Structure formats: C-alpha cells, structure tokens
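Remarks on the structure that follows.
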Amino acid sequence: MLICTACAGIAQPSQAEHLITKPSAYSMAETLNKLRASIQGMGINLIAEVDHAKAAADKGMDLRPTHVLIFGNPLVGTNLMQADQRAGLDLPLRLLVWEDEKGQVYLSYRHPNDLQQDYKLSDQQAVLDKMGKVFEKLSEVVSK
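Residue 14 is where the sequence shown starts when you use this note's numbering, and the numbers rise one by one after that.
If you want it as structure tokens, here you go:
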C-alpha cells in the first residue's frame, strides 16, 4: 500500500506547478498594508490573516515572514459552491505573502481556473474569471 501511495504522488502534477508567484516592490509590512487596503477597497471581505512566522515564533521556531490573507465575497463564491459544494474546500480565496532569504517579498496564489480540475465548474467560467481578475489587481497594486 505504501508503494501505491508514493506512485500516486509521482503520477499527478504537483501543486507547486499550478502556483503563480509574483514579486512585490515593497517590504512585507508595506505589501500587506497595500493588499489589505486594496481588498477592502474592492468591497471584498478580508476574513482572516494568518501570520505563520508569529505562530512559529510562539513555538520557538524560526520562519521568515509568511502571511496568508483569506478573503472573499459570498455573492461570488457561493455561485461556485452551488455548482459543486466541494469547492468550499478552496474558498474563500487565499493569497500567500512571503519573504525569501534575501528579503524579497512575493505573492503566491493558485489561479481560480485551476479549481475546474477538482470540481464540476464548467458553467462557472465567468465567476472564475472574475476571481482571477481580483488576483491580477492585487498583484498590480504591489508590482515593480
């Protein structure tokens, strides 16, 4: 059984292949402030922010600055869950903001169109495109 589990991981494309990563022109604090303001300015709910570095530090571990912004709008995301309720596993949307060893800040996210690989969302292209545009706008706010 262990061999089958290992082989399954090889046969499928890795999640990392589907991630979009873009550099920020700003420090971590400035990037987060600009992203928070932009999310709220678009009328989208900033539901939560996870500070992984703080959580690690609380347990005596080191981690470069790493935040996840969790945001969404039920008027948009509910459409996807009505089409396939399992899409709720990937909603609300998430944006990873992280700093590399050289101090460069990046944004990483999974494009909403990739949700079609896991869920029955073929009739939801307009919604997925709208969500994708949100990520594009957020990237532009902090781009170089």
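Even for Gly, the Cβ is constructed at its ideal location relative to N, Cα and C. In this text the structure is predicted, and so the values were computed from the model without any measurement.
L82 in three-state terms, based on DSSP: strand
Taking Cβ positions, are Y132 and D97 nearer each other than 8 Å? yes
Following the continuous alpha helix (DSSP H) through K150, name the residue where it begins and the one where it ends. Q138 to V154
Through-space distance from L93 to L15, alpha-carbon basis: The pLDDT assigned to L15 is 46, lower than 50, so where the model puts this residue is not dependable; a value taken from the coordinates is nonetheless given after this. If you take the alpha carbons of L15 and L93, they lie about 35 Å apart.
With distances taken Cα to Cα, identify the nearest neighbour of E62 among M55, I83 and E43. I83
Would you report the Cα separation of R49 and L141, rounded to the nearest angstrom? 21 Å
Identity of the residue in Q95, E149 and Q137 nearest R123 by Cα: E149
For a test of the three-state rule: what should DSSP assign to D75, helix, strand or coil? coil
Using CA coordinates, which residue listed in V81, K115, H65 and L102 is at the minimum distance from G90? L102
Since I33 contacts S135 with CB under 8 Å, what's their CB separation in whole angstroms? No, I33 and S135 are not in contact; Cβ-Cβ is about 22 Å, not under 8 Å.
Within this structure, are the beta carbons of I57 and V147 separated by less than 8 Å? yes
By how many angstroms is the C-alpha of R107 removed from the C-alpha of I60? 10 Å
Alpha carbon to alpha carbon, how far is N86 from I52? Give it in angstroms, no decimals. 10 Å
Cβ-based burial, M74 [other Cβ within 10 Å; buried from 16]: exposed
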